[in-house]
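What follows is a short report on a single structure.
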Amino acid sequence: MTGIHPPGNSLARRTLLKAGAGGLGLAALADLAACSKDGGGSSKSLKMLYFGEQAQATQLQNRLQPQIAKLDATIKFEISAINGTDWNDFLAKVLTQIAAGTPPDIISVATEGLQLMASKELAVPLDDYVTKDLGALKEYFADIHPALVESMMYQGHLWELPDSFNAGNMFYSTELFQRAGVVPPSADWTLDDFETAATKIAKFKGINAFGWVVRLWGSWTSFMYANNANLLEESKYDGGDWLWNKAYAGDAAAAGRKGGWKWGAPTANSDATVEALNYMIELTKKGLSPSPDVGGGGTLQGLFASNRIGMSIGGGFWAGGLTNAGMKNGSFDVTMFPKWKSQRHLFGAGGYAIFKSSKKKDLAWEVLKLLVKPETFDLVFPGNVTTPGRKSLVTAARYAKTGPKHWSVFYDTLTKHPDTAPIPAPPYYNALATALNQRTTQAISSGNAKAALDGLQSDLEKAAGAS
Amino acid sequence: MSAVTAEVREAVVKRRGHPSSHGEARFGFAMIGLSVLFVAIFTAIPIVASLGLSFFSWDVISTPEYVGLENYRRLFTDGPVLKSFGVTLGMALAIVVLQLTIGLGLAVLVNQRKLVWVRTLFRTAFYLPLLASTAAVSIFMGYLFDYKFGVVNYYLSLLGISNVPWLTSGFGAAATIVLIAVWQQIGFTFVLFVASLMSVPTDVLEAAQIDGAGAFRTLFRIKIPLISPTILFAAVVALINAMQLFDQPYIMTKGGPGSATTTVTIQMYQKGFQNLQFGYGSAIAIVLLVAILVITGLQFLAARKLVFYQ
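Each protein sequence line maps, in turn, to chains A and B. First residue of the first sequence: 1, per this note's numbering; consecutive thereafter. First residue of the second sequence: 1001, per this note's numbering; consecutive thereafter.
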């Protein structure tokens, strides 16, 4: 495991500050660097970082406080929201907070940041806690798909308890499909079916058949997965038996699960990857898809909600997002991502980890168990803004108000497509995301996928080497 | 002793003995001290800190590692970072040239209006964009210039013009960002030039008129030379601002397509805050600072020949 111990010619942080030899500037660094040893909030509070709005975080904090008071009446639970356009943005801000000397006790991190956090040992492995409380957690693991748990493992250790996920499914406007005379797609539709539908929808003026954004999750990367390709070599870390043999004994879905995804050498310019990006360029050239925006996805949801886009890649979070954007139940639906060489989907999961610097790790663990309880899910994520990780929560009743009609697609992606895998988010995820964004826009504007992906390959090789 | 000398002596004695004179001095030093403190905390210390950090490899989380000049060595062999310096310089020059020429042109036109309310109206109108948040303007402009759904392309389509890739082609994105930056910043140079033109002595202008100089000749031979110190000031400030261009390209294009609008400050942000290479990010910041200092120095050198002080 990557350690944080100083290599040969490194200096301790305090030594660095002293070595600044009276430089007032370096003195300022002392404030920045004060985070290392004593973080984790004050002794009277338990601090959690959360990706979202502060108003929502405060609401959640107030709702959870009574339950946390039962665990320790003297502790004040504080949730700080970090706002960002995507997980890349969120992680950059989290790290800035750490640098500012205010690390949290608990952090909610998605797949994007898991390996970065684990490789830097910012969090603690949950192995001992899980083993100790396995009896109490039996119903939790029975309800959570092992693919989600495996995505939270790194080098054989479990770093987070997952509570949510989003797989890259295909959302479509039922109204535009109807107007174009396109039959709603079945779960096993193909890429040809997709293009046929897109061509019919694109005939309407001002309408784009398919919209997408440039990012790692649910972008052209979904096409890449369906084309049996990836940006990095895939393998898995050894280990994890301590969990699989006990928590998932006899579960067929856990067969072959190991100690987490191991992202190897870059394969960004492999033939199949180039083919996938070329396909997107062709869609743009044929007028079936506009040039994509970078990151976020709010604009895309807005365009979809105003019926200006026929299809787009979305996960369970789109149900709430589209409803919040004004779409009526029934005006959109979801299906599996179309089959190309395979119908392999990608997903990203969310969960909770305990920060290494926390002085209240045991209490934080109790809060983690509270956060993954079924009754807490809707407190944390009101209004279908993500897909529950617990299968028992993915029900008709949940989607009765918002839709989509085929809500079962969300969890079926995990159960019916066992090759579904997490997005490739290695410890150098941030550098990967930046390079991916840049090279994708380069490919779309130049029309040359090969050159752009050769560049991406080189960027990733450098990033992997530097990490 | 003359009456005048006596008067002066009386005044000096009066002043020395004034109980408020020491307090006034203290107040003055306090005011200067506040400014010095502000500059020290928010400018000088961060610069020194960045300089120190640029000799280290630090990812915020692990222990900093002293690497000497390695970050600088890497910078000068890092193609994308070097390219970002070229991109920044190109965009900055375009912004400064447009900002100065358009700003001056508008100022001359407005200055010719005799009605005060007309001048006030134009001054307010051109200055207004400067007060808007650059982030908000960038988001708004991103929507306006969207290739498929943007209002600009919509109106062009009504004229039979096919969609323009404002933000999705390399040149288009750079040009659009330059135009937006100029639109937002022009109020600053415009107001400076209007004020400066108004301070040109009327007797000089009248003399030129009597000598038969036309409007064109008066502008280039009288007005522009007389306001050349203001032009130098505007050029220096505009270039320093433009070399730090970040908000517009980061929000509108994320530095793309490809790296067509990736400025040095975007590279610095990406390396430092996204890739957690704070040492390398600091090295980029220091080189940018030196580049700005050099360019500003060149501007002052050129000013020796081009700027006229009365």
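Just so it is clear, CB atoms sit at the ideal spot from N, CA and C, and this is done for glycine as well.
Is there a Cβ from chain B that is less than 8 Å from the Cβ of residue i?
| i | result |
| --- | --- |
| Val294 (chain A) | yes |
| Ala28 (chain A) | Because the pLDDT at Ala28 (chain A) is just 33, under 50, the model does not fix this residue reliably, and the value given afterwards should be weighed accordingly. Chain B, which has a Cβ nearer than 8 Å to the Cβ of Ala28 (chain A), makes this yes. |
| Ile444 (chain A) | yes |
| Asn62 (chain A) | no |
| Pro422 (chain A) | no |
| Ile98 (chain A) | yes |
| Lys120 (chain A) | yes |
| Pro185 (chain A) | no |
| Leu95 (chain A) | yes |
| Arg179 (chain A) | no |
| Leu114 (chain A) | no |
| Thr413 (chain A) | no |
Can you tell which of the options has the C-alpha that lies nearest to the C-alpha of residue i?
| i | options | result |
| --- | --- | --- |
| Ile1180 (chain B) | B:Ile1210, B:Leu1098 and B:Lys1148 | B:Leu1098 |
| Ala974 (chain B) | B:Phe1300, B:Pro1257, B:Tyr1250 and B:Leu1245 | Nothing about residue 974 (chain B) can be read from this structure; chain B reaches only from 1001 to 1310. |
| Leu432 (chain A) | A:Lys360, A:Asp238 and A:Gln115 | A:Gln115 |
| Gly1187 (chain B) | B:Leu1130, B:Val1194 and B:Ala1030 | B:Leu1130 |
| Tyr279 (chain A) | A:Ser458, A:Asp251, A:Arg215 and A:Thr221 | A:Thr221 |
| Glu139 (chain A) | A:Phe355, A:Pro426, A:Gly326 and A:Lys246 | A:Lys246 |
| Ala1175 (chain B) | B:Leu1158, B:Gly1255, B:Met1091 and B:Ile1102 | B:Met1091 |
| Ile1231 (chain B) | B:Met1252, B:Phe1300 and B:Ala1242 | B:Phe1300 |
| Gln97 (chain A) | A:Ala69, A:Tyr50 and A:Val124 | A:Tyr50 |
| Ile1295 (chain B) | B:Phe1190, B:Ile1266, B:Asn1241 and B:Gln1277 | B:Asn1241 |
| Val1182 (chain B) | B:Phe1126, B:Leu1115, B:Gly1079 and B:Lys1223 | B:Phe1126 |
At what residues does the alpha helix (DSSP H) containing residue i begin and finish?
| i | result |
| --- | --- |
| Glu366 (chain A) | Lys361 to Leu371 |
| Asn278 (chain A) | Asp271 to Lys285 |
| Gly1172 (chain B) | Gly1170 to Met1198 |
| Trp263 (chain A) | Where Trp263 (chain A) is concerned, there is no enclosing alpha helix (DSSP H), although the beta strand (DSSP E) it sits in stretches over Trp261 to Pro266. |
| Lys450 (chain A) | Ala449 to Ala466 |
| Gly135 (chain A) | Leu134 to Asp143 |
| Ala100 (chain A) | Ala100 (chain A) -> no alpha helix (DSSP H), and no H or E assigned at all. |
| Gly1052 (chain B) | Ile1045 to Leu1053 |
| Ile1231 (chain B) | Ser1228 to Met1243 |
| Ser1282 (chain B) | Phe1278 to Leu1306 |
For residue i and chain A, any beta-carbon pair shorter than 8 Å?
| i | result |
| --- | --- |
| Phe1076 (chain B) | no |
| Ile1102 (chain B) | no |
| Leu1276 (chain B) | yes |
| Ile1295 (chain B) | no |
| Gly1170 (chain B) | yes |
| Phe1145 (chain B) | no |
| Ile1227 (chain B) | no |
| Ser1054 (chain B) | no |
| Pro1257 (chain B) | yes |
| Ser1062 (chain B) | yes |
| Phe1220 (chain B) | no |
| Gln1248 (chain B) | no |
| Lys1083 (chain B) | no |
| Phe1038 (chain B) | no |
| Phe1273 (chain B) | yes |
Using the beta-carbon count (16 or more within 10 Å), is residue i buried or exposed?
| i | result |
| --- | --- |
| Val1110 (chain B) | buried |
| Pro388 (chain A) | buried |
| Pro104 (chain A) | buried |
| Glu461 (chain A) | exposed |
| Arg390 (chain A) | buried |
| Ile281 (chain A) | buried |
| Lys44 (chain A) | exposed |
| Met327 (chain A) | buried |
| Leu1312 (chain B) | Nothing can be reported for residue 1312 (chain B): it is not among the residues displayed for chain B, which extend from 1001 to 1310. |
| Asp128 (chain A) | exposed |
Roughly how far, in whole angstroms, is the beta-carbon of residue i from the beta-carbon of residue j, given that I think they are within contact range, below 8 Å?
| i | j | result |
| --- | --- | --- |
| Asn227 (chain A) | Lys341 (chain A) | 5 Å |
| Arg63 (chain A) | Glu150 (chain A) | No, Arg63 (chain A) and Glu150 (chain A) are not in contact; Cβ-Cβ is about 30 Å, not under 8 Å. |
| Asn269 (chain A) | Leu453 (chain A) | 4 Å |
Output the boundary residues of the beta strand (DSSP E) element that contains residue i.
| i | result |
| --- | --- |
| Ala209 (chain A) | Asn208 to Gly211 |
| Gly351 (chain A) | Leu346 to Ile354 |
| Val334 (chain A) | Phe332 to Thr335 |
| Leu49 (chain A) | Ser45 to Phe51 |
| Asp1059 (chain B) | From DSSP, Asp1059 (chain B) is part of no beta strand (DSSP E); its letter is neither H nor E. |
| Ile79 (chain A) | Lys76 to Ile82 |
| Ala167 (chain A) | Leu161 to Ala167 |
| Ala110 (chain A) | Ile106 to Ala110 |
| Lys236 (chain A) | Leu232 to Lys236 |
Chain C partners of residue i, CB-CB under 8 Å?
| i | result |
| --- | --- |
| Lys1148 (chain B) | Reference to chain C is not applicable here, since the protein chains of this structure are A and B. |
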